[in-house]
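Asks: The structure is given below, and queries will be raised subsequently.
Protein chains: 2
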Amino acid sequence: MASATTPKRAAKDADALTINEAAETSGWSARMLRYIENAGLVEPPRSPAGYRLYGPGELQRLRTLRELLNSHDLEISNVGFARRLRKEPQLGHAVNLWLDQTPERPAEVADADWLSWEQRKHKKLLEAAA
Amino acid sequence: MASATTPKRAAKDADALTINEAAETSGWSARMLRYIENAGLVEPPRSPAGYRLYGPGELQRLRTLRELLNSHDLEISNVGFARRLRKEPQLGHAVNLWLDQTPERPAEVADADWLSWEQRKHKKLLEAAA
DNA sequence: CGAACCTTACCACGAACGTGTCAACCCATG
DNA sequence: CATGGGTTGACACGTTCGTGGTAAGGTTCG
């Protein structure tokens, strides 16, 4: 009763697609899926033989990634960098400090207390580190 | 008693250097200073004739920018992007949401409570926006 | 006025990014 | 075991980034 309807790849991981299937349903090319993977953005688990297994979570992230990129004007490497900023707190911290040092050109300050918030973060961090 | 010791550019803005002078004292080439400017990282005011005027503040930021870049492994465009993340809260927010959606690979979680902190930020933001 | 310096606008050029494609080799399954 | 698909690695190609250079034209000032 194990092998029946599904021709390829029987009930192995239930809803896990291989790279080409994931490519079709996500809109990215297989090539891009591999590229996105080594950019660290979507890293699917592997089957024992080394096949990439895209589950619902991965597929979701692939779709939202696409939206994210073309709704704002981003590139994959940008998201990769944003990720790096989060994984390396010291980096994010250093960058934010430098940016704080730059007098904001009196443009339209949208969300008033955002900046001051970010800045308080540094103070806290410094005190904690000292 | 106005014109005396200083040969070029008399006591105009006191301590404001022209681009080549700034280049020498900052270590960047004049070309790069222009590049950095239209990357939005250091934008010196202009004389009425359109000459860039680098004051102590700009010079400081140019030096620290250099340190920032080669201490961590950054490029100018990266800092430019970080800047964009701050100036466009909606963008920064969208990116952070997407990253939150990515299950952090159980690597070495350095500063334990950093991530959770960043995530609380979103919650607060969402609640505030709702 | 003329020399020295600034400005913008290009051309160049190697490195990296975003993609495609092809080769060589491993897996799964009828 | 043969065929279809997966895997990595490499070549290719158009773009953008980081730099340098050079040309054409304003400024400053001796």
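So the protein lines, in turn, are chains Z and F.
If you count the first sequence from 1, position 74 lands on 74 in my numbering, and the numbers rise without skipping.
If you count the second sequence from 1, position 31 lands on 1031 in my numbering, and the numbers rise without skipping.
We put the beta carbon where it would ideally sit given N, CA and C, even for glycine.
1) Counting contacts by CB-CB distance shorter than 9 Å, is Ala39(Z) in contact with chain F?
2) Compile a chain-ordered list of the residues in the segment 1089-1102 of chain F whose CB is closer than 7 Å to at least one CB of chain Z.
3) How many whole angstroms separate the CB atoms of Leu1065(F) and Trp98(Z), which I take to be in contact at a CB cut-off of 8 Å?
4) Comparing the C-beta of Ala107(Z) with each C-beta of chain F, is any distance below 9 Å?
5) Skipping 5 residues on each side, what residues in its chain have a beta carbon closer than 6 Å to that of Pro1044(F)?
6) Check this for me: beta carbons of Ser26(Z) and Leu62(Z), under 9 Å apart or not?
7) Quick check on the burial criterion: 16 or more other C-beta atoms within 10 angstroms. Buried or exposed for Ala14(Z)?
8) Looking at C-alpha atoms only, which residue of Ala23(Z), Leu74(Z) and Ala94(Z) is the closest neighbour of Glu1088(F)?
9) Answer yes or no: does any C-beta atom of chain F fall closer than 9 Å to that of Arg52(Z)?
10) With DSSP run on the structure shown, which of helix, strand or coil describes Leu1017(F)?
11) In chain F, what lies closer than 9 Å to Thr64(Z) by C-beta?
12) Can you list, in chain order, the residues of its chain with a C-beta nearer than 6 Å to that of Asn20(Z)? Leave out the 5 residues immediately preceding and following it.
13) In terms of residue numbering, what span does the alpha helix (DSSP H) encompassing Gly1055(F) cover?
14) Tell me, please, which residues DSSP counts as bridged to Arg1046(F).
15) Looking at the structure shown, is Ala23(Z) part of a helix, part of a strand, or coil, going by DSSP?
16) Kindly examine the ligand SAM and report whether one of its heavy atoms sits closer than 8 Å to the Cβ of Leu1074(F).
17) In chain Z, which residues lie with their C-beta within 8 Å of the C-beta of Arg1034(F)?
18) I'd like to know whether the C-beta of Gly27(Z) is nearer than 9 Å to at least one C-beta of chain F.
19) Given this structure, state the Cα-to-Cα distance separating Leu17(Z) from Glu24(Z), to the nearest angstrom.
20) For Leu1074(F), decide whether its Cβ has a neighbour in chain Z, counting only Cβ atoms nearer than 9 Å.
21) Check the Cβ of Ala82(Z) against every Cβ in chain F and list those closer than 9 Å, keeping chain order.
22) Which residues in chain F have a C-beta closer than 7 Å to the C-beta of Asn78(Z)? List them in chain order.
23) To the nearest angstrom, report how far apart Leu41(Z) and Val1042(F) are at their CA atoms.
24) Can you name the residues of chain F whose CB is closer than 8 Å to the CB of Leu68(Z)?
Replies: Taking the structure as given:
1) As a first step, residue 39(Z) must be located in the first sequence, where it is residue number 39. Answer no: the Cβ-Cβ gap between Ala39(Z) and chain F never drops below 9 Å.
2) Here the close residues are Pro1089, Leu1091, Ala1094, Val1095, Trp1098, Leu1099, Gln1101 and Thr1102.
3) Position 65 of the second sequence, counting from 1, holds the residue named residue 1065(F). Position 98 of the first sequence, counting from 1, holds the residue named residue 98(Z). So it is a contact: roughly 7 Å between Cβ atoms.
4) Here the question's residue 107(Z) lines up with position 107 in the first sequence. Summary for Ala107(Z): the model assigns pLDDT 46, below 50, so the residue's position carries little reliability, and this model does not support an answer.
5) Counting from 1 along the second sequence, the entry for residue 1044(F) is found at position 44. Contacts found: Arg1052, Leu1053, Tyr1054 and Glu1058.
6) Counting from one through the first sequence, the residue named residue 26(Z) turns up at place 26. Counting from one through the first sequence, the residue named residue 62(Z) turns up at place 62. The answer is yes: Cβ separation under 9 Å.
7) If you number the first sequence from 1, residue 14(Z) lands on position 14. Ala14(Z) sits exposed, since fewer than 16 C-beta atoms from the chains shown fall within 10 Å of its C-beta.
8) Within the second sequence, the letter at position 88 stands for residue 1088(F). Restricting attention to Ala23(Z), Leu74(Z) and Ala94(Z), the CA atom closest to the CA of Glu1088(F) is found in Leu74(Z).
9) What you label residue 52(Z) is simply residue 52 of the first sequence in a count that begins at 1. Any Cβ of chain F closer than 9 Å to the Cβ of Arg52(Z) would place that residue at the interface, and such an atom is absent.
10) Counting from one through the second sequence, the residue named residue 1017(F) turns up at place 17. The answer is strand: DSSP assigns Leu1017(F) an E or B state.
11) The residue given as residue 64(Z) occupies position 64 in the first sequence. By Cβ distance, chain F contributes Leu1097, Trp1098 and Gln1101.
12) For the purposes of this step, residue 20(Z) is taken as the residue at position 20 of the first sequence. Counting only Cβ-Cβ distances below 6 Å, and skipping sequence neighbours, we find Ala30.
13) Walking along the second sequence from the start, residue 1055(F) turns up at place 55. According to the DSSP assignment, Gly1055(F) belongs to no alpha helix (DSSP H), since it is labelled neither H nor E.
14) The residue given as residue 1046(F) occupies position 46 in the second sequence. Bridge partners of Arg1046(F): Arg1052(F).
15) Locating residue 23(Z) in the first sequence gives position 23, counting from the first residue. Ala23(Z) falls in the helix class under three-state DSSP.
16) Among the components modelled here there is no ligand, and therefore nothing to report on the ligand SAM.
17) Within the second sequence, the letter at position 34 stands for residue 1034(F). Neighbours of Arg1034(F) in chain Z, taken as residues whose beta carbon is under 8 Å from its own, are absent, since the nearest beta carbon is some 17 Å off.
18) Start at 1 with the first residue of the first sequence, and residue 27(Z) comes out as number 27. No, Gly27(Z) lies away from the interface with chain F (no Cβ there is under 9 Å from its Cβ).
19) As a first step, residue 17(Z) is located in the first sequence; it is residue number 17 there, counting from the start. As a first step, residue 24(Z) is located in the first sequence; it is residue number 24 there, counting from the start. Rounded to the nearest angstrom, the gap between the Cα atoms of Leu17(Z) and Glu24(Z) is 10 Å.
20) Residue 1074(F) sits at position 74 when you count from the first residue of the second sequence. Chain Z places a beta carbon closer than 9 Å to that of Leu1074(F), counting this residue as a contact.
21) Residue mapping note: residue 82(Z) aligns to position 82 of the first sequence, counting from 1. Within chain F, the residues near Ala82(Z) are Phe1081, Ala1082, Leu1085, Gly1092, Val1095, Asn1096, Trp1098 and Leu1099.
22) Here residue 78(Z) refers to the residue found at position 78 of the first sequence. Those within 7 Å of Asn78(Z) in chain F are Phe1081.
23) In the first sequence, residue 41(Z) corresponds to position 41, counting from 1. In the second sequence, residue 1042(F) corresponds to position 42, counting from 1. Cα to Cα, the separation comes out at about 31 Å.
24) As a position in the first sequence, residue 68(Z) is number 68, starting the count at 1. Correct list: Ala1094, Val1095 and Trp1098.
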